[in-house]
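In this note's numbering, the protein residues as written are 1 to 161. Encoded as structure tokens, the structure appears first; notes follow it.
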Amino acid sequence: MIVRKMEEKDLDAVSATCIASFLHSVAGTLSEEGSSTFSKIAASNAFFDRTKGDNLMLVAECDGKLEGVVELKEGRHIAMLFVAPEHQKKGVGKKLLLSALDYAKVDTVTVRASLSSVPAYKKYGFECSGATGESAGLIYQPMEIELNKPMRPTTTALKRS
């Protein structure tokens, strides 16, 4: 598996991967408004528009097939981290997240984690940083990770092997 910067040719596959993962893991916990909001955010043209800003998008690819995507907004916020359902729990998300954190411009990186992804982010060393919130039907848990903090036993998942 390689992790590389997303290219324009990846837009449709990135969108499809995000939507498939969302439908598999998150959609059932949200209202119709939340699902509609996510569909707009994960559309190919929305990804394309965000490439014009200070958003880094990386993809994980194996044998020419896209397995996952991560989006780091302004070097400080994980805006998306999705792995195709058939590739989940195989280290793809961890590798994407580690790669994105290498580009962080701040010591503390944040994420608004879907409630179903909180355990994964905790495993990666993120900590809850406030009460759950809701925006346009999307329910999230604010979380953060301090990058220059000494590793604790619960954050060993992010140590490079």
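Where is the CB? At the ideal position from N, CA and C, for every residue including glycine. Small disclaimer: the values here were computed from a predicted structure and weren't measured.
Contact fails between the segment 98 to 110 and the segment 13 to 23, because fewer than three Cβ pairs, one in each stretch, are under 8 Å apart. When 103, 34, 70 are compared, the shortest CA-CA separation from residue 94 is found for 70. Under the three-state reduction of DSSP output, residue 82 falls in the strand class. Annotation: the continuous alpha helix (DSSP H) that includes residue 34 extends over 32 to 41.
Residue ranges of uninterrupted beta strand (DSSP E) with 3 or more members, entirely inside the segment 122 to 149 and ordered along the chain, are 133 to 135, 138 to 146. In this structure the segment 29 to 37 does not lie against the segment 53 to 61, because fewer than three pairs of beta carbons, one per stretch, are closer than 8 Å. Taking the Cβ atoms as the reference, residue 115 lies roughly 20 Å from residue 96, outside the contact range of under 8 Å. C-alpha of residue 137 to C-alpha of residue 35: approximately 7 Å in a straight line. In this structure residue 130 is exposed. Its beta-carbon is surrounded by fewer than 16 other beta-carbon atoms within 10 angstroms. Boundaries of the beta strand (DSSP E) around residue 113: 108 to 114. For residue 2, the pairing in a beta bridge is given by DSSP as 61. In the three-state scheme derived from DSSP, where H, G and I count as helix and E and B as strand, residue 75 is classed as coil. Judged by pairs of C-beta atoms under 8 Å, the segment 7 to 18 touches the segment 59 to 74, as three or more such pairs exist.
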